[in-house]
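Okay, structure first, notes after.
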Amino acid sequence: MALADFDLVLFGGSGDLSMRKLVPALYHRDRAHDLPSTARIICVGRHEWSRDEFLTALNDNARPHIAQELFDPAFWETFCTRLTYVTLDATNASTYQALVDVMRKDASITRIFYLATPPSLFATICNNLAGCGLATAQSRVVLEKPLGRDLASAKLINEEVGRVFAESQIFRIDHYLGKEPVQNLLALRFGNVLFEPLWRREWISDVQITIAEELGVANRMGYYETAGALRDMLQNHLLQLLCIVAMEPPTCAAPNAVRDEKLKVLRSLKPFTPQTIAQNIVRGQYRAGHVNGMPVPGYRKEAGANPESRTETYVALKAEIDTWRWAGVPFYLRTGKRMADQLAEIVVRFKNIPHSIFAQPNSSFQPNCLVIRLQPDEDLQLNLMAKTPGDGMRLRPVELELDFRETFKMPRMDAYERLLLDVLRGQLTLFMRSDELEAAWAWLEPILDYWEREQDQPVPYAAGTWGPAAASALIGRDGLQWREEA
Ligand code: BG6
């Protein structure tokens, strides 16, 4: 479907996210001829940049993030003519006139305001957009994380943005939902008959969701120190993945049909108590170590760090979903920085066979396992037992693998590209609704309160490892292992 003409305004337009992700994503889509020829991108920021200074910033900071094979200097020049820079102080209403002046007045042109700014500015920006007449019933607003730091602040964002924009105009972005394998999980679950009958407590033993990063906090210490792994990754990315795995089949792919089902999952998560927090959550912080053979400092020794920081850079927890489908099936979630590998995957482990007809005992059968890998490769792997060729009947584990890139031989589309296209189309399915956001925070609130009240200290782990030993013990207590340990 061809996109309607648009003016896309990037608040935080000179910042890191715009330069590293958003502008390159728009370039890639333009290169694929997805953008209408007259569509425009207006970057907004506080720097008093001339056109030449803006172009230099784009060249220095955005251009290096464009896929090499798609870079064409002539096309880049043309692409840049779509981009305008407007100096604006988001908190000063009188400076918005400069934005009003550059925006087209034709009501058929879709207006999108992308707020890649700290959340403390969301309300002010929305009010100022309303004040200068730019926020109309046809415009859309995109909110980047962090969407709050607890339930109260998330509610406040919802309320304040909701005073200016209707829910159907608000796109709360979680880039993990834009990743190809995540959508493929929907295709796998609801485009085949094979899995759905087995997708329940009778046949699934446990689910593991891991997002491990080799990276540390880079230049984001100011933000990260106030956030930590639970707020930065688990509240959004990991819980959204859990929702996609655990939700009931929606009646169709319409935004509210899918979001209703995700909401039910979030509301069915078993609440934590002080006792289960102590038992079922591990909080870690990295110390000095080696990542990819290179020495790296501990978190407390990173530039700008608080030497006594209690911020967690790792979290693992066991979640349970109180529904007929999932009662008793543990969902283990974990994420960490400075880990042994860069890895994002969902592992669905099925139960073992009930009885072996072969000479081998049941215990020598590896339970079937479905692995949906998001990073570093995008693939799907199904582990089965098969007969070893030759004489005799000995079974051993084999893997059926579907490598998306190999199979479809299509250029990869980054999560931001896909989600930006959805925003431009007005398609809300892959964006969080206000009640989902609040349900996620409501579930995590007792954990945050407990850590604060107890002045909880994260346990140390060496950079370049798979996290604290306590995380292996957490899953080990249930007689299981993290996949890389198995
Ligand atoms: C962001 C977090 O949302 O996701 C970062 O704020 C993290 O801390 C990033 O590094 C990971 O995203 P990806 O797509 O690189 O796995």
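Sequential numbering from 734 applies to the sequence shown in the numbering used here. Virtual Cβ for every residue (Gly too), placed ideally from N, Cα, C.
Using 7 Å as the cut-off, classify the Cβ of K878 as near or not near the heavy atoms of the ligand BG6, replying yes or no.
yes
Distance check for D1189 and A1052, CA to CA, integer angstroms please.
20 Å
Keeping to the same chain, check which residues put their C-beta closer than 6 Å to that of Q1114; ignore five residues upstream and five downstream.
V1104, E1132, E1134
Enclosing beta strand (DSSP E) for T843 [first to last residue]:
843 to 848
If you measure between the beta carbons of V1192 and G1017, is that distance less than 8 Å?
In contact: V1192 and G1017 (Cβ atoms closer than 8 Å).
Top-ranked residue by Cα proximity to Y818, from L832, V1029, N794, A960:
Residue L832 is the option with its Cα nearest to Y818.
Suppose only complete runs of 4+ residues qualify. What are the alpha helix (DSSP H) ranges in the segment 822 to 892, listed by chain order?
830 to 835, 855 to 864
Look up Q941 in the DSSP assignment and give the residues it is bridged to.
Y1065, V1080
Please list, in chain order, all residues of the same chain as A1172 whose beta carbon is under 7 Å from its beta carbon, the five residues on each side excluded.
A distance below 7 Å between beta-carbons, with the five flanking residues on each side excluded, links A1172 to the following residues of its chain, in chain order: L996, L999, R1000.
Quick one: complete beta strand (DSSP E) runs, 3+ long, within the segment 777 to 829?
816 to 820
If you draw a straight line from the alpha carbon of R1221 to that of I906, how long is it in whole angstroms?
Outside the displayed span of the chain (734 to 1219) sits residue 1221, for which this structure offers no information.
In its own chain, which residues sit with a C-beta less than 7 Å from the C-beta of I1208, not counting the 5 before and 5 after it?
Y1065, Q1214, W1215
Going by DSSP, name the residue or residues bridged to A1195.
R1020
In whole angstroms, what is the alpha-carbon distance linking G1037 and H780?
24 Å
Using the Cβ count rule (16 or more neighbours within 10 Å means buried), how would you classify R873?
buried
C-alpha distance - G866 paired with E994, whole-angstrom precision
36 Å
Under a three-way DSSP split, which group does C976 fall into?
helix
Can M966 be considered in contact with the ligand BG6, in the sense that its beta carbon sits closer than 7 Å to one or more heavy atoms?
Indeed, a heavy atom of the ligand BG6 lies less than 7 Å from the Cβ.
Within 8 Å, do at least three Cβ pairs link the segment 878 to 890 to the segment 1070 to 1081?
no
Determine, using beta carbons only, whether I937 and V1062 come nearer to each other than 8 Å.
yes
At a threshold of 7 Å, does A885 count as lining the ligand BG6 (C-beta to nearest heavy atom)?
no
Rounding to the nearest angstrom, what Cα-Cα distance links W809 and R762 in this structure?
12 Å
For the ligand BG6, is there a heavy atom less than 7 Å away from the beta-carbon of E946?
yes
Using 8 Å for Cβ pairs, my map puts R964 next to R1166. What's the rounded Cβ distance?
Wrong, their Cβ atoms sit about 19 Å apart, outside the cutoff.
C-alpha distance - L759 paired with R953, whole-angstrom precision:
24 Å
Could you check whether the Cβ of H970 sits closer than 7 Å to any heavy atom belonging to the ligand BG6?
yes
Just reading off the alpha helix (DSSP H) that Q1008 is part of, what are its end residues?
First-last of the alpha helix (DSSP H) with Q1008: 1007 to 1013.
Classify K1034 as helix, strand or coil using the three-state DSSP reduction.
helix
Any non-hydrogen atom of the ligand BG6 closer than 7 Å to A1077 Cβ
yes
The ligand BG6 heavy atoms versus the CB of Q1160: any closer than 7 Å?
no
Could you check where the alpha helix (DSSP H) with K997 kicks off and where it finishes?
988 to 1001
Is H908 near the ligand BG6, with its Cβ less than 7 Å from a heavy atom?
yes
Do the segment 739 to 752 and the segment 842 to 858 make contact, defined as three or more Cβ pairs closer than 8 Å?
yes
Looking at the structure shown, is M1126 part of a helix, part of a strand, or coil, going by DSSP?
The answer is coil: DSSP assigns M1126 none of H, G, I, E or B.
For R773, the three-state DSSP class (helix, strand or coil):
strand
Separation of L821 from A868, as counted between CA atoms
16 Å
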